[in-house]
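Under this note's numbering, the first residue of the sequence shown carries the number 12, and numbering increases by one thereafter.
Positions of the beta carbon are idealized from the N, C-alpha and C atoms, including for glycine.
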Amino acid sequence: QQQQQQQQMQRRRSEPLMDLEDAGLLLDRLSLYRRRGLAVTDVTAAEWCQQQLAYTLSAKIKKEELETEAMRAGTAHHARLEAETTVEAWVEVASWEEFWAVRLLNSVAGLRQLAAEGLTREVYVFGLVQGRWVRGIVDQLQLDQGGRLQVVEHKTRAAPTLPRDAQKRSAQLQVALYRRMLAAFPSLTDAELAAFLRQALHIDPGRRLSTEVSNHCLSLTGQVAETALQAAQLMRSATASLPSLDAAGGCSDADLFVSYWWQGDGELIESLQVDFSDDQLGEAMSRQLAFWSGQAAPAPVAEPERWKCTFCHFRTQCPTGVHVARQQSR
12 QQQQQQQQMQ RRRSEPLMDL EDAGLLLDRL SLYRRRGLAV TDVTAAEWCQ
62 QQLAYTLSAK IKKEELETEA MRAGTAHHAR LEAETTVEAW VEVASWEEFW
112 AVRLLNSVAG LRQLAAEGLT REVYVFGLVQ GRWVRGIVDQ LQLDQGGRLQ
162 VVEHKTRAAP TLPRDAQKRS AQLQVALYRR MLAAFPSLTD AELAAFLRQA
212 LHIDPGRRLS TEVSNHCLSL TGQVAETALQ AAQLMRSATA SLPSLDAAGG
262 CSDADLFVSY WWQGDGELIE SLQVDFSDDQ LGEAMSRQLA FWSGQAAPAP
312 VAEPERWKCT FCHFRTQCPT GVHVARQQSR
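Here is the structure:
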């Protein structure tokens, strides 16, 4: 299967791609590719290189086609960490409303675990950021000895070293965005919760859930949710009880960390505390949303970071990648 994916990737590289310089300003990628809103990883991918992401979207390349051995190792590491704090329970669902209700209820259970035990992992969260729906999964939430909330992102490394600044910046943006969504979640109104369910998940907020899903909710939370909207309301209540979060939506209270793990032995390399201000987050989101909404053309990677082109799937077609290759061959 991996060999087939590699062959398909090679064929895609030889196909002609769109002229970004001509079409970029007119392309609303949110409408074309992300009608359900953005994932946090969509934002960080644009932060890495907008031009690379534009090529990937226009070529309609699936995520699994770009998956590397290192990425698969990272996924396995996340699964091991999640298994340390999670007990699986199978729930039969008969609709997308029930699927997403269970997903939200799992986040409620995780937030309650955080309050009781000081640690939880894989918490689904969403929010409005500069008027756009954004969603993601927080790797880890924990409380320090003083009860202060910490938002943690886990990254794996093929070598037992810390990454370059560009890689650190993407991870910093990621945890800052998680913190912003968590901080603003208690302020979401019932109308906004319902709008997310309709617009981003394309489900009916008021559709009645099955008895099995409602019983699952009761076992997890001690409360009953009969609709996906009620599940979202339970999540809002659970989020409101988190310490160190500014209800006004600021992101200066909870501490941010990115932990780097070596894939070789699974040991922690180092956990770095992140300093990412409201202004930095606002600037980054404005820049990336301008790209996604078609208000700005895709930007090529900056000159100091053109080492990225060496690892890009489109290095033989992208003008910047071709230029870098010529310079390296001299």
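Asked: Extent of the continuous alpha helix (DSSP H) to which glutamate 278 belongs; Found: Where glutamate 278 is concerned, there is no enclosing alpha helix (DSSP H), given that its DSSP letter is neither H nor E.
Asked: Supposed close pair tryptophan 303, leucine 212 - CB separation, criterion 8 Å; Found: So it is not a contact: roughly 19 Å between Cβ atoms.
Asked: Three-state class that DSSP yields for proline 330 in the structure shown; Found: helix
Asked: Pairwise C-alpha distance: tryptophan 101 and aspartate 290; Found: 42 Å
Asked: Coil, strand or helix - phenylalanine 196 by DSSP; Found: helix
Asked: Which listed residue (Ala307, Val51 and Gln178) has its alpha carbon closest to that of valine 149; Found: Val51
Asked: Contact between the stretch 111–123 and the stretch 240–256 (3+ Cβ pairs under 8 Å); Found: yes
Asked: Under the three-state DSSP convention, the category glycine 138 falls into; Found: strand
Asked: CB contact flag (glycine 158, proline 254, <8 Å); Found: yes
Asked: Under the three-state DSSP convention, the category lysine 71 falls into; Found: coil
Asked: Span of the beta strand (DSSP E) around aspartate 150; Found: 143–154
Asked: Terminal residues of the alpha helix (DSSP H) in which leucine 11 lies; Found: Nothing in the structure corresponds to residue 11, since the chain is present only between 12 and 341.
Asked: Three-way DSSP call (helix, strand, coil) for valine 102 in this model; Found: coil
Asked: Closest by C-alpha distance to glycine 147, when choosing among Ala105, Leu193 and Pro311; Found: Leu193
Asked: Nearest neighbour of valine 224, chosen from Val162, His165, Glu237 and Gly217 [CA to CA]; Found: Glu237
Asked: Limits of the unbroken alpha helix (DSSP H) element including valine 224; Found: 222–232
Asked: Where the beta strand (DSSP E) containing arginine 168 begins and where it ends; Found: 160–168
Asked: DSSP-derived helix/strand/coil call for phenylalanine 325; Found: coil
Asked: DSSP beta-bridge partners of leucine 130; Found: Gln153
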